[in-house]
Amino acid sequence: MNKDLRNPLARARGLGSAKEGVSHWMLQRVTALGLIFLTLWFVVTVVSLAHADFDTARATLAKPWNAVLLIALIITMFRHAVLGLQVVIEDYVHTRWLEVASLVVIKFIAVLATLTGVLAVLRVALGS
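Per the UniProt record's numbering, the sequence shown runs over residues 1 to 128.
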């Protein structure tokens, strides 16, 4: 008895699970979990600097752990955003060229924004 429920054409083409869904789903959950802790750290840091002057805020960011955590927040935030937008685009954009173009644009913007954020943190942290 054949337990393959696909139709013969799908079986002939080899269509089926791409085996990518679980890793994508898991990475989205891991980035979400990381964002919880990084956002809590960020909020606590910003609240502690609420009445501080610019030099105090800059000195706080120049501490190595604070700079590393802020860079981790930026990278994780944009990676999580790309993962979420990718799911939305793949589910709701049905024109193939528009789907591919949208994914490319989203990833390009995310990489550009991530690099800009990391560069800004490094410039402040390294004092240049």
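C-beta atoms are modelled at their ideal positions from N, C-alpha and C, and glycine is treated no differently.
Check, Outcome
"Measuring alpha carbon to alpha carbon, tell me which of M77, L119 and F42 ends up nearest W65.", "F42"
"Around the Cβ of L40, are there at least 16 other Cβ atoms within 10 angstroms (buried) or fewer (exposed)?", "exposed"
"When the Cα of I89 is compared with those of E99, L122 and V44, which residue comes out closest?", "E99"
"Grab me the residues of A70's own chain with a C-beta within less than 8 Å of its C-beta, minus the 5 sequence neighbours each way, in chain order.", "Reading off the sequence shown, one finds Leu at residue 70, where the question assumed Ala. Taken in chain order, the residues that qualify are F42, L61 and V121."
"Apart from the five residues just before and just after V118, which ones in its own chain have a Cβ nearer than 8 Å to its Cβ?", "I71, I74 and I75"
"Considering Cα atoms alone, identify which of P8, A67 and H24 is closest to H80.", "H24"
"Can you tell me which of the three DSSP states A72 falls into?", "helix"
"Assuming contact is defined by CB atoms lying nearer than 8 Å, are A110 and V87 in contact in what I supplied?", "no"
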